[in-house]
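Peer 1: This structure is in structure tokens; I'll ask about it shortly.
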Amino acid sequence: MKLQHIELSNLKLSPVNVRKRGAEDELGELIASIRSLGVIQPLLVRPNCDGFEVIAGQRRLLACQALQAETGNFGPVPCALLENGDDAAALEASLAENVARLPMDEIDQYEAFAALVAQGRSVAEIAGQFGVTELLVKRRLAIASLIPPVLKAYREGEIEPETIQQLTMATPKQQKAWLKLFRDPEEYAPTGRRLKAWLFGAEIPVSSAIFPPEKYNGNIVSDLFGEERYFDDAEKFWKLQTEAVIHRQAAYLEEGWDDVVIMEIGAHFHQYDKVKRGRTKGGKVYIACASNGEIAFHEGWLEAKEAERRDRKAAAGDAGETAGDKNQARAELTSAAMRYVDLHRQNAVRAELLKSPQLAIRLLVASLVSRDGLWDARSQIQGAQRNEAINVSLEASKAVTVLATERENLRVLMGLPQEDSEALRKRDAASAPALLARLLQLTDAEILRVLTFITAGGVPAGSASVEILGHLLAVDMDQWWTPDDAFFDLLRDKPAINAMLEEVAGKQTAGIHLAETAKAQKDAIRHCLAGTGGRKKAEKWKPRYFRFPMQGYTKRKGLPAVEQWSAIKKHFAVKQ
């Protein structure tokens with residue numbers, strides 16, 4: 002059985018549903034319950050050609066459909082998806098029993114879930130215990146963001162459920178402002194979906210600024226019927242606000258915090274998936290940027306999973322784990338992105354090595370004598386990657402084309418059959434005498450050419466030899482690689498992406514985009530490289546990952562090439 006949320010339009014009643022009559026009788030109480038609390042007990046469903054059919058939960062389905070007809074809008078419904086071998090009757094009974102243990106009030110549910118979180122239970126574990134979806138658990142835990150007066154008003158029935166759901170996304174300051182309107186009989190307090198527009202509208206009050214308002218180069222509009230004033234230009238405001246946020250981030254880092262995370266504009270800070278940790282125990286600072294410009298600083302929090310990992314290592318007595326240990330921090334490149342970078346760097350080095358047979362011979366001798374992994378005797382065939390985007394990128398690579406052309410020329414030179422063109426090697430050991438006879442007819446220069454290609458083919462991706470050869474050959478990746486969609490699609494780390502944006506557009510532009518999504522920042526980089534979207538074209542930009550030696554954009558570890566070069570550069574003449 003798997004729990005998931007399914008759109009109401011994709012749910013149909015199953016002909017095998019046991020309740021044939023009376024399902025529509027007395028739905029009033031159920032409709033009122035779902036209007037207030039949502040669907041608590043998941044419907045039992047299984048896939049069919051038209052979506053999903055409801056095996057158990059007909060009355061809940063009808064109640065949801067009635068609410069949709071009433072309001073014109075109804076969100077996805079929690080469902081338990083039957084799998085092969087599942088006993089429908091047993092599952093329905095089990096779900097009913099689990100849900101029966103739930104408190105019926107949303108606030109009570111929140112308190113029950115919050116108590117379990119405090120005991121170290123994950124959202125998934127809590128959902129499994131009560132037979133509800135993880136989304137429902139997250140929604141209840143979001144109540145933690147409500148201020149006590151709002152909670153009290155809701156519990157006393159003054160505030161509707163739909164309104165309370167919107168208020169969980171509001172900042173404490175916004176909640177206080179809304180409650181003041183709500184308590185004033187002469188004022189209008191937006192509710193339901195109107196409240197969402199009120200919370201996330203375009204108006205930015207002057208009180209949201211963490212910079213001196215006199216620095217704002219624009220008009221400030223006064224509300225004749227209120228005490229608040231507003232900035233008239235959101236872009237100018239966010240430029241100054243972001244600069245102030247960056248300044249505060251730097252101050253936190255100067256104080257000794259391991260990490261200061263600037264959240265995307267509009268993203269809500271949730272406590273339920275984090276635990277409190279002090280600065281000396283690896284805690285982070287999260288800077289939340291509301292859509293109305295309000296900034297909140299959440300000091301001393303750590304993702305629950307990371308905290309659990311740290312606690313396990315501490316309990317095991319791992320001397321290498323310290324409060325500020327960053328060795329295990331998330332690398333700035335994902336494994337797929339690292340593979341992409343490694344393969345392009347490897348192929349560029351291989352292609353450049355074809356021009357330097359004397360270096361190739363020395364690499365081969367060093368590898369045969371030391372056997373330390375600088376070279377692999379097995380030909381490094383460029384096999385297909387699991388990521389199709391990486392395959393497409395490599396196929397379009399100039400280096401791969403150069404290597405393929407040389408491979409084919411040498412195959413003809415050595416008299417090998419077509420099927421051996423990939424590896425440039427005979428697979429039948431008995432053919433060695435015939436191959437030797439053919440090689441005896443070649444000149445020393447031709448043999449050196451073959452040996453150089455075979456040596457280049459044995460340079461492993463992501464190895465120290467790539468870093469050594471890249472340095473000795475002064476490989477310029479601009480000659481072999483250009484930024485493509487695959488590269489940008491594989492980028493995930495926002496601090497690294499923002500640093501790239503600073504390289505192509507300048508510090509000011511990067512600062513303005515700091516709190517935007519990773520996608521928006523990558524799009525800005527693309528515009529700079531193409532000279533579109535009103536951006537000045539950036540010439541010959543090369544990410545630090547494609548330099549020799551490789552460099553990163555953050556202080557975090559996790560880039561093997563950087564660590565490899567650090568260990569071996571002492572053996573080579575390196576200009577400091």
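Be aware that the sequence shown starts at 2, since it is given in the numbering used here, and climbs by one per residue. The beta-carbon is built from N, C-alpha and C at its ideal position, and this holds for glycine as well. Nothing here was measured: the structure is a model prediction, and the numbers come from that model.
1. Among Leu-473, Leu-411, Ser-432, His-472, which has the Cα closest to the Cα of Leu-443?
2. Give me the Cα-Cα distance between Ile-382 and Gly-458, rounded to the nearest whole angstrom.
3. Let's test the definition: count the other Cβ atoms within 10 Å of the Cβ of Gln-176 and tell me whether it reaches 16, buried, or not, exposed.
4. Taking 6 Å as the limit between beta carbons, can you name the residues of its chain near Asp-326, skipping five residues before and five after?
5. If you drop the 5 nearest sequence neighbours on each side, which residues of the same chain put their C-beta closer than 6 Å to that of Trp-211?
6. By the three-class DSSP mapping on this structure, what secondary structure does Gly-284 have?
7. Distance check for Gly-132 and Pro-48, CA to CA, integer angstroms please.
8. Can you tell me whether Gly-219 is helix, strand or coil according to DSSP?
9. Taking a contact to mean a Cβ-Cβ separation below 7 Å, would you say Ile-41 touches Ala-64 in this structure?
10. Under 7 Å, do Leu-222 and Asp-233 count as touching if we go by C-beta distance?
11. In three-state terms, what does DSSP make of Gly-321?
12. Could you name the residues that DSSP lists as bridge partners for Trp-302?
13. From Asn-328 to Asp-445, what does the alpha carbon distance come to, in whole angstroms?
14. Beta-carbon within less than 6 Å of Pro-434's beta-carbon, same chain only, minus the 5 sequence neighbours each way: which residues are those?
15. Quick one: complete alpha helix (DSSP H) runs, 4+ long, within the segment 465–526?
16. With H, G and I counted as helix, E and B as strand and the rest as coil, what does DSSP make of Gln-5?
17. Hey, how far is the Cα of Arg-60 from the Cα of Lys-520?
18. List the endpoints of the continuous beta strand (DSSP E) containing Val-46.
19. Run through the DSSP bridge pairs and tell me what Leu-14 is partnered with.
20. Identify, in the order they occur along the chain, each residue of the same chain with its Cβ nearer than 8 Å to the Cβ of Asn-499, setting aside the five sequence neighbours on each side.
21. Could you give the DSSP three-state label for Pro-561: helix, strand or coil?
22. Is Val-124 helix, strand or coil by DSSP?
23. Roughly how many whole angstroms lie between the Cα atoms of His-345 and Lys-399?
24. The beta strand (DSSP E) with Ala-81 in it runs from where to where?
25. Find out if the Cβ-Cβ distance for the pair Leu-137, Ala-81 is shorter than 7 Å.
26. From Ala-67 to Ile-247, what distance separates their C-alpha atoms?
27. So the candidates are Asp-485, Trp-542, Gln-69, Phe-298; which of them puts its Cα closest to the Cα of Ala-397?
28. Among residues of its own chain, excluding the 5 on either side of Leu-360, which ones have a beta-carbon nearer than 8 Å to its beta-carbon?
29. Between which two residues does the alpha helix (DSSP H) holding Tyr-546 run?
30. Please report the distance separating the alpha-carbon of Tyr-253 from that of Gly-553.
31. Going by Cα to Cα distance, which pick from Met-551, Pro-550, Leu-530, Glu-135 is closest to Trp-542?
32. With Tyr-231 as the anchor, note down where its beta strand (DSSP E) starts and where it stops.
33. Do Pro-206 and Glu-229 have their beta-carbon atoms positioned less than 7 Å apart in this structure?
34. Leaving aside the five residues before and after Gly-52 along the sequence, list all residues of the same chain whose C-beta is less than 6 Å from its C-beta, in chain order.
35. Would you mind working out which of Ala-115, Ser-368, Leu-241, Glu-204 sits nearest Glu-215, comparing C-alpha positions?
36. Measuring only the C-alpha atoms, how far is Lys-153 from Tyr-111?
Peer 2: The structure says:
1. Position 442 of the sequence shown, counted from the first residue, corresponds to residue 443. It is Leu-411 whose Cα lies nearest to the Cα of Leu-443.
2. Locating residue 382 in the sequence shown gives position 381, where the first residue counts as 1. Locating residue 458 in the sequence shown gives position 457, where the first residue counts as 1. A caution first: Ile-382 carries a pLDDT of 49, below 50, which makes its placement in the model too unreliable to give a value.
3. Numbered from 1 along the sequence shown, position 175 holds the residue referred to as residue 176. By the Cβ-count criterion, Gln-176 is buried, with 16 or more other Cβ atoms from all chains shown falling within 10 Å of its own Cβ.
4. Within the sequence shown, the letter at position 325 stands for residue 326. For Asp-326, the pLDDT reaches just 49, beneath the cut-off of 50, and the residue's location in the model is therefore unreliable, although a value from the coordinates is still provided. Nothing listed; no residue qualifies.
5. By one-based count along the sequence shown, residue 211 stands at place 210. Residue 211 is actually Ile in this sequence, not Trp. For Ile-211, where only same-chain residues beyond five positions count, the Cβ hits under 6 Å are Ala-245, Ile-296.
6. For the purposes of this step, residue 284 is identified with residue 283 of the sequence shown, where counting begins at 1. DSSP places Gly-284 in coil when its eight states are reduced to three.
7. To locate residue 48, count along the sequence shown from 1; it is residue 47. To locate residue 132, count along the sequence shown from 1; it is residue 131. Those two C-alpha atoms are separated by around 20 Å.
8. Reading the sequence shown from its first residue, position 218 is the one you call residue 219. In this structure, Gly-219 counts as coil in the three-state DSSP scheme.
9. Counted from its first residue, the sequence shown places residue 41 at position 40. Counted from its first residue, the sequence shown places residue 64 at position 63. Taking 7 Å as the Cβ cut-off, Ile-41 and Ala-64 do not qualify as a contacting pair.
10. Here residue 222 refers to the residue found at position 221 when the sequence shown is read from its first residue. Here residue 233 refers to the residue found at position 232 when the sequence shown is read from its first residue. At residue 222 the sequence reads Val, which differs from the Leu that was named. In this structure, Asp-233 lies closer than 7 Å to Val-222 by Cβ.
11. Residue numbering aside, residue 321 sits at position 320 when the sequence shown is read from its first letter. Reliability of the predicted coordinates at Gly-321 is poor, the pLDDT of 47 falling under 50, and the value obtained from them is presented with this limitation in mind. Three-state result, Gly-321: coil.
12. Along the sequence shown, one-based indexing puts residue 302 at 301. The partner list for Trp-302 (beta bridge, DSSP) reads Lys-277, Lys-285.
13. Indexing the sequence shown from 1 puts residue 328 at position 327. Indexing the sequence shown from 1 puts residue 445 at position 444. In this prediction, Asn-328 scores a pLDDT of 45, lower than 50, which makes its location untrustworthy; no coordinate-derived value is stated.
14. Position 433 of the sequence shown, counted from the first residue, corresponds to residue 434. For Pro-434, where only same-chain residues beyond five positions count, there are no Cβ hits under 6 Å.
15. Runs of the alpha helix (DSSP H) inside the segment 465–526: 465–473, 486–491, 495–506, 508–513.
16. Reading the sequence shown from its first residue, position 4 is the one you call residue 5. DSSP places Gln-5 in strand when its eight states are reduced to three.
17. Along the sequence shown, one-based indexing puts residue 60 at 59. Along the sequence shown, one-based indexing puts residue 520 at 519. Distance between the alpha carbons of Arg-60 and Lys-520: 43 Å.
18. On the sequence shown, position 45 is the one that residue 46 refers to. Per DSSP, Val-46 is one residue of the beta strand (DSSP E) stretching across 44–49.
19. Numbered from 1 along the sequence shown, position 13 holds the residue referred to as residue 14. According to DSSP, which records beta bridges pairwise, Leu-14 is partnered with Val-55.
20. For the purposes of this step, residue 499 is identified with residue 498 of the sequence shown, where counting begins at 1. Cβ contact annotation for Asn-499 (same chain, cutoff 8 Å, sequence separation greater than five): Ala-511, His-514, Leu-515, Gln-522, in chain order.
21. Along the sequence shown, read from residue 1 onward, the residue named residue 561 stands at position 560. In this structure, Pro-561 counts as helix in the three-state DSSP scheme.
22. For the purposes of this step, residue 124 is identified with residue 123 of the sequence shown, where counting begins at 1. In the structure shown, Val-124 sits in a helix (DSSP, three-state: H, G or I).
23. Taking the sequence shown and counting its residues from 1, one reaches residue 345 at position 344. Taking the sequence shown and counting its residues from 1, one reaches residue 399 at position 398. Cα to Cα, His-345 sits roughly 10 Å from Lys-399.
24. Residue numbering aside, residue 81 sits at position 80 when the sequence shown is read from its first letter. Residue range 78–82 is occupied by the beta strand (DSSP E) that includes Ala-81.
25. As a position in the sequence shown, residue 137 is number 136, starting the count at 1. As a position in the sequence shown, residue 81 is number 80, starting the count at 1. No; because the gap between Cβ atoms is not below 7 Å, this pair is not in contact.
26. Indexing the sequence shown from 1 puts residue 67 at position 66. Indexing the sequence shown from 1 puts residue 247 at position 246. Answer to the nearest angstrom: the Cα atoms are 50 Å apart.
27. Numbered from 1 along the sequence shown, position 396 holds the residue referred to as residue 397. Minimum Cα distance to Ala-397 is reached at Asp-485.
28. Here residue 360 corresponds to residue number 359 of the sequence shown, with the count starting at 1. Closer than 8 Å at the Cβ level, and outside the excluded window around Leu-360, lie Leu-354, Leu-470, Leu-473, Leu-474.
29. In the sequence shown, residue 546 corresponds to position 545, counting from 1. Counting along the chain, Tyr-546 sits inside no alpha helix (DSSP H), nor does DSSP assign it H or E at all.
30. Here residue 253 refers to the residue found at position 252 of the sequence shown. Here residue 553 refers to the residue found at position 552 of the sequence shown. Rounded to whole angstroms, Tyr-253 to Gly-553 spans 22 Å at the Cα level.
31. Here residue 542 corresponds to residue number 541 of the sequence shown, with the count starting at 1. By alpha-carbon distance to Trp-542, the top candidate from Met-551, Pro-550, Leu-530, Glu-135 is Leu-530.
32. Taking the first residue of the sequence shown as position 1, residue 231 is located at position 230. Taken as a continuous stretch (DSSP letters only), the beta strand (DSSP E) holding Tyr-231 covers 230–232.
33. For the purposes of this step, residue 229 is identified with residue 228 of the sequence shown, where counting begins at 1. For the purposes of this step, residue 206 is identified with residue 205 of the sequence shown, where counting begins at 1. Taking 7 Å as the cut-off, the beta carbon of Glu-229 is found closer than this to the beta carbon of Pro-206.
34. Indexing the sequence shown from 1 puts residue 52 at position 51. Correct list, in chain order: Asn-11.
35. Taking the first residue of the sequence shown as 1, we reach residue 215 at position 214. For the residues Ala-115, Ser-368, Leu-241, Glu-204, the minimum Cα distance to Glu-215 belongs to Leu-241.
36. Counting from one through the sequence shown, the residue named residue 153 turns up at place 152. Counting from one through the sequence shown, the residue named residue 111 turns up at place 110. Roughly 14 Å between the two C-alpha positions.
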